[in-house]
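Enquirer:
Numbering (the working numbering), first residue to last: 163 to 325.
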């Protein structure tokens, strides 16, 4: 678990998002909003740092634009929408070493998977349609990671389509 955390932290520190990256991201979204589009933004891991700034920037510059966010393995203490975080996510849960407030609550419990020991990959962990998962601690399997994420995305789409 510590190795996964160290690897994830090293990756983030070796290639951190810059203010220029984030401004470019927001600028692209604002251009799409200028065309009248609404948004469902889905972010994984450090992408959540981008999506929080994008959401806030769009709210400020385009208040009439509808948007919803789905956070997958959020690497941030705040979120702008629903999130999913696995109990086995060594990278994100490793951030708890800096304080319990640093990441969101675990809300998906999975059996250990040797093929995805980090418990952090988007496809291997969170979009896995074969692994049984539970939405309650020590509960019986009631979903798969893919079905859970899909449900969050459908909910986000409904938020944007509702008005």
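For each residue, glycine too, the CB sits at the ideal point set by N, CA and C.
If you reduce the DSSP assignment to three classes, tell me which class residue 227 lands in.
Expert: Along the chain shown, read from residue 1 onward, the residue named residue 227 stands at position 65. Three-state result, residue 227: coil.
Enquirer: Going by DSSP in three states, residue 189 sits in which element: helix, strand or coil?
Expert: The count along the chain shown starts at 1 and reaches residue 189 at position 27. Here residue 189 sits in helix by DSSP.
Enquirer: Determine contact between the stretch 220-230 and the stretch 250-261, defined as no fewer than three beta-carbon pairs at a distance below 8 Å.
Expert: Not touching, per the Cβ criterion.
Enquirer: If contacts are defined as beta-carbon pairs under 8 Å, then residue 238 and residue 210 qualify, I think. What distance do you get, rounded to the angstrom?
Expert: As a first step, residue 238 is located in the chain shown; it is residue number 76 there, counting from the start. As a first step, residue 210 is located in the chain shown; it is residue number 48 there, counting from the start. Indeed, because the Cβ distance is near 5 Å, the residues count as touching under 8 Å.
Enquirer: Along the chain, where does the beta strand (DSSP E) that runs through residue 279 open and close?
Expert: Here residue 279 refers to the residue found at position 117 when the chain shown is read from its first residue. It is not in any beta strand (DSSP E) - residue 279 carries neither H nor E in the DSSP assignment.
Enquirer: May I ask you to report which of helix, strand or coil DSSP gives residue 265?
Expert: Within the chain shown, numbered from 1, the residue matching residue 265 stands at position 103. It is coil, neither helix nor strand.
Enquirer: Taking the DSSP output, what are the residues bridged to residue 206?
Expert: Translated into the one-based positions of the chain shown, residue 206 becomes position 44. In the DSSP output, where bridge partners are listed per residue, residue 206 has 234.
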